[in-house]
Amino acid sequence: MRKQIHPAIIFSLFGIFIAILLLNRPSFEDHPIKTKPNALQVETQALHNLDKPIIDVSGWQRPEEINYDTLSQNISGVIVRVHNGAQHTETNDAAFINGVDKAYKNHIAEFQKRNVPVGVYAYVAGKSKEDMEKAAEVFYNAASPYNPSYYWLDVEEKTMSDMNEGVEAFRAKLAALGAKNIGIYVGVYFMQEHSINTDKFTAIWIPSYGTDSGYFETKPNTDLDYDLHQYTSKGRIAGFEHHLDINLISTDKDKEETFRKLFLRP
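Per the working numbering, the sequence shown starts with residue -13, numbered consecutively.
Now the structure itself:
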């Protein structure tokens, strides 16, 4: 006679099986799918969308709140934050204690999967040349596997006595590690106040909002030969329910030529 298995044992085994499945479920947040974008498809799509805005995103724009399919159809390019500086003493909702952005892997993978060209940026916040070089190394090691089109230094805050020296230490370390295209994001007033030299950068990105209405209002008041203008922090684009930073190619430059420089020549 076949021995019957007690129902309690069956229930226990089923519970263990479900637990194993849950523990081994792929995590969207921790294990993004890295895909190598097709260069021709990226170029074709980007040039078709050339008149659409360029956005920049970070861990504050949560991946689970983004409809990447819709958003990708309404932009021409994206710049993703990878590192949030060396000033943190604890983790926060958007970055780990080492400064690495919590969402950068997901953002890059999801946009590249949809053939959106991707640049990357790091917030510059070292308190010494050594801090700057260490942050540059963490930034490069995290970003380089994704082959971004440009590496940007986001310079907004005075964190050491000679910020120009610190910025140059960060830039030089990135270049030594192998980054070819290195640009700087800096406000005109901050740049003048702290004597930030932009000569060694191959591209300049300037924030200038006017009243920050969500729309383009006016060009930056500068004689700098800048490439990219962040004109609002309160933009709205289908695919994301909250505000976004929105950028456009300098209106003084050839749009396609400059876009190719920033997004199509990694």
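Glycine included, C-beta positions come from ideal geometry on N, C-alpha and C. A quick note: this is a predicted structure, and the numbers were derived from the prediction, not measured.
Taking the alpha helix (DSSP H) that residue i belongs to, which residues open and close that run?
i, result
"residue 94", "90 to 99"
"residue 246", "241 to 249"
"residue 127", "115 to 129"
"residue 54", "54 to 59"
Going by DSSP, what residues sit across from residue i in a beta bridge?
i, result
"residue 81", "87"
"residue 33", "In the DSSP output, where bridge partners are listed per residue, residue 33 has none listed."
"residue 137", "106 and 168"
Give a yes or no on whether the C-beta atoms belonging to residue i and residue j are separated by under 8 angstroms.
i, j, result
"residue 93", "residue 66", "yes"
"residue 173", "residue 193", "yes"
"residue 138", "residue 107", "yes"
"residue 197", "residue 167", "no"
"residue 225", "residue 53", "yes"
"residue 38", "residue 24", "no"
"residue 121", "residue 71", "yes"
"residue 217", "residue 202", "yes"
"residue 58", "residue 100", "yes"
"residue 140", "residue 175", "no"
"residue 199", "residue 215", "no"
"residue 32", "residue 63", "yes"
"residue 182", "residue 149", "yes"
Under DSSP, the beta strand (DSSP E) around residue i begins and ends at which residues?
i, result
"residue 148", "Note, residue 148: premise wrong, no beta strand (DSSP E); not H, not E."
"residue 48", "First-last for residue 48: undefined, no H or E at that position."
"residue 63", "63 to 69"
Between the region 153 to 160 and the region 189 to 206, can you find at least three pairs of beta-carbon atoms closer than 8 angstroms? no
Determine, using beta-carbon pairs with one atom in the region 230 to 246 and one in the region 40 to 59, whether at least three such pairs fall under 8 angstroms. yes
In the region 159 to 241, which residue ranges form an unbroken beta strand (DSSP E) of at least 3 residues, counting only runs that do not cross its ends? 168 to 172, 189 to 193, 214 to 221 and 230 to 235
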